[in-house]
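**Q** First, the structure itself, so that you have it in front of you.
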Amino acid sequence: MSNEKKKLSLVALILMIFTSVYGFNNMPRSFYLMGYGAIPFYVISAIVFFVPFAFMIAEYGSAFKDEKGGIFSWMEKSVNTKYAFVATFMWYTSYVIWLVNISSGIMVPVSNAIFGQDTTGTWSLFGLNAPQTLGILGVVFILVVTFFSSKGLDKIKVVSTVGGIACMALNVLLIGGALIVWIGNGGSLLQEMPSMSKIFVSPNPGLLAPISVLGFLVYALFAFGGTEAVGGLVDQTENPEKNFGKGLTIAAFIIAIGYAIGIFAVGIFTNWDATLSSEAVHKGNASYVIMNNLGFQLGKVFGLNKAGCVAFGNGIARFMGISILCSLAGAVFTLIYAPLKQLIEGSPKGLLPDFFCKMDDGMPKNAMRIQCGVVVVMDLLIAMGGDAMAQFFNVLVSMTNVAMTLPYLFISGAFIAFKRNQNIQKSFVVFKNDAVTIIFTILVTATVAFANIFTIIEPAMNGDMQTTIWSIVGPVLFTVIALVLNARYEKKIAAGQIKVGQN
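Residue 180 is where the sequence shown starts when you use our numbering, and the numbers rise one by one after that.
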């Protein structure tokens, strides 16, 4: 009976999936990029990526529920050690690139928390321009976080919890505030709804070319990130054969509809040309500009004068800045070591250098220092690449989106081999025959591949080689490192220095 009580009900499962995947920032940023045209992309992504990929993860997670190596174990037993290590290393390094993004980008919520608006475009240290200044501050931030995380700091979880609750409140504020503005404006939309024939025409002049529009798909895929967390929920669910598929499908529907409502809500109180066309608005601060504008529009509905509207807008931007800052702080303090520990614990002995794997007080301190050094170097190289804030954040955001979605290629690509391996006991099965397995494997893999290809080549076709190069550099560099480490491991095995599968 006690075990039954711990099982997730259908409603609890849906809530777990929703909180793991749904992200507030995806809605205002998507509106900035595509306007209402972002909505069909989210619906399409839920159908061709999120649902089938989550079912794949569920089958992996159920089959390997007793394995402690995570993704490495899944890929090794499905394909081989080399494939598993490259896939796991790519998954790990996606978090390294995420740290590069956050360490510099976190100054935007800091600015909003303090000033009620993004002033980072005017920041300057030692005569450096704004991107270079953010790069230096990012270096300081990552050094401080690495130092305290290596000490095993746990209290930051409280900050993360507060930030998570506040971020949920932001969703209520976005939709509730939009509804008030809509009623106050007599049911009119500040951003006119386009006709169906022009739904994919972005109000953003930077996303008018067909390849730019297709490149937006990776943002929609990124919005469904966290899907891999679903794998561990199969065996924690009541009557999983019946409830898991139903819960996942319902959750996908709710998430897609939630994103659609949120994006539509932004258009109720935001006119793209009036609010987002300024050169000062970019991917890094668009969400804060939009929420500041929500406060301004609410002030107008409440009859405040212009100064009152500005103050109200700044107040909401401060609330968002504090919320996102707390949420990101908790995430950074966790993710600066958690992926590292999984990489080290999941990899066979000898695959990674002993120095890198050494644990000190339960923490991989040497690995954390090396990781910190990589983040610092990448922070500085990107920051010193130019003086335009929009360009700086284009690089950070695009590089992160590509890095965080590429590991999905390895996971989905191995699914056919996983299904055909008769030595793997599969207690939870969704894809019941080879034809269905092949169709959905190709669908998911092709969707992720094409989305990333379009995202990578689109900036170069518009003359922005820096963004394209950085989007390629990280994945290629880390893949080469993984292959070199694996070759070293195979030589050790051939020389009899280590045994296969030794931990």
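Where a beta carbon is used, it is the ideal one built from N, C-alpha and C, also for glycine.
Please read all numbers here as calculations on a predicted model, not as lab measurements.
1) Do you know whose CA, among Val258, Trp361 and Ala496, lies nearest alanine 596's CA?
2) Indicate the three-state DSSP secondary structure (helix, strand or coil) for leucine 400 in the structure shown.
3) Going along the chain, which residues of its own chain have a beta-carbon closer than 6 Å to the beta-carbon of isoleucine 293, five neighbours each way excluded?
4) Determine contact between the segment 310-326 and the segment 560-572, defined as no fewer than three beta-carbon pairs at a distance below 8 Å.
5) My guess is that valine 360 and valine 480 are in contact by the Cβ rule of under 8 Å, so how many angstroms apart are they, rounded?
6) How is leucine 387 classed by DSSP in three states: helix, strand or coil?
7) So, with DSSP's three-state summary, where would you put methionine 538?
8) In angstroms, rounded to a whole number, what distance separates the CA positions of serine 269 and threonine 658?
9) Under the three-state reduction of DSSP, which class applies to threonine 416: helix, strand or coil?
10) Report the rounded CA-to-CA distance for leucine 387 versus phenylalanine 210, giving the unit in angstroms.
11) Is the beta carbon of isoleucine 354 sitting closer than 8 Å to the one on alanine 233?
12) Under 8 Å: do the segment 378-395 and the segment 461-478 share three or more Cβ pairs, one atom per stretch?
13) In angstroms, rounded to a whole number, what distance separates the CA positions of alanine 459 and glycine 214?
14) Does the ligand NAD have a heavy atom nearer than 7 Å to the CB of phenylalanine 589?
15) Sort Met499, Lys421, Ala402 and Val511 by Cα distance to alanine 225 and report the nearest one.
16) On a CA-only basis, which of Leu519, Gly529, Phe633 and Ala630 is nearest threonine 272? Give me that one, please.
17) Looking only at C-alpha atoms, which of Ile590, Ile648 and Thr646 sits nearest to tyrosine 262?
18) Can you list, in chain order, the stretches of the alpha helix (DSSP H) that have 4 or more residues and sit fully within the segment 550-609?
19) Quick one: grab the DSSP three-state call for leucine 124.
20) For threonine 624 versus leucine 585, is the C-beta distance shorter than 8 Å?
21) Give the straight-line distance between the Cα atoms of aspartate 643 and threonine 579, rounded to the nearest whole angstrom.
22) Determine the DSSP secondary structure at tyrosine 516, reduced to helix, strand or coil.
23) Nearest by alpha-carbon distance to serine 374: which of Asn493, Trp277, Gly216 and Met640 is it?
24) At a cut of 8 Å, does the segment 283-298 reach the segment 474-494 through at least three beta carbon pairs?
25) Determine the burial state of glutamine 676: buried for a count of at least 16 other Cβ atoms within 10 Å of its Cβ, exposed for fewer.
26) Let me know the secondary structure DSSP gives alanine 673 once reduced to three states.
27) Spatial neighbours of glycine 592 within its chain, please: C-beta separation below 8 Å, excluding the five flanking residues on both sides.
28) Just list the alpha helix (DSSP H) runs in the segment 269-320, keeping only unbroken ones of 4 residues or longer that don't cross its boundaries, in chain order.
**A** Taking the structure as given:
1) Selected option, being the one with the closest Cα: Val258.
2) helix
3) none
4) yes
5) 6 Å
6) coil
7) coil
8) Per the sequence presented here, residue 269 reads as methionine, with serine not at that position. One C-alpha to the other measures close to 7 Å.
9) strand
10) Whole-angstrom Cα-Cα distance: 14 Å.
11) no
12) No: the two stretches stay apart, fewer than three of their Cβ pairs being nearer than 8 Å.
13) Taking the straight line joining both Cα atoms gives about 18 Å.
14) As far as ligands go, the structure on display features none, and thus does not contain the ligand NAD.
15) Ala402
16) Leu519
17) Ile590
18) Runs of the alpha helix (DSSP H) inside the segment 550-609: 568-584, 586-592 and 594-599.
19) No answer is possible for residue 124: the residues shown for the chain start at 180 and end at 682.
20) Leucine 585 is positioned such that its CB atom lies no closer than 8 Å to that of threonine 624.
21) 17 Å
22) coil
23) Gly216
24) Touching, yes, given that three or more Cβ pairs across the two stretches are closer than 8 Å.
25) exposed
26) helix
27) Only Thr620 and Thr624 meet the Cβ criterion.
28) 286-294
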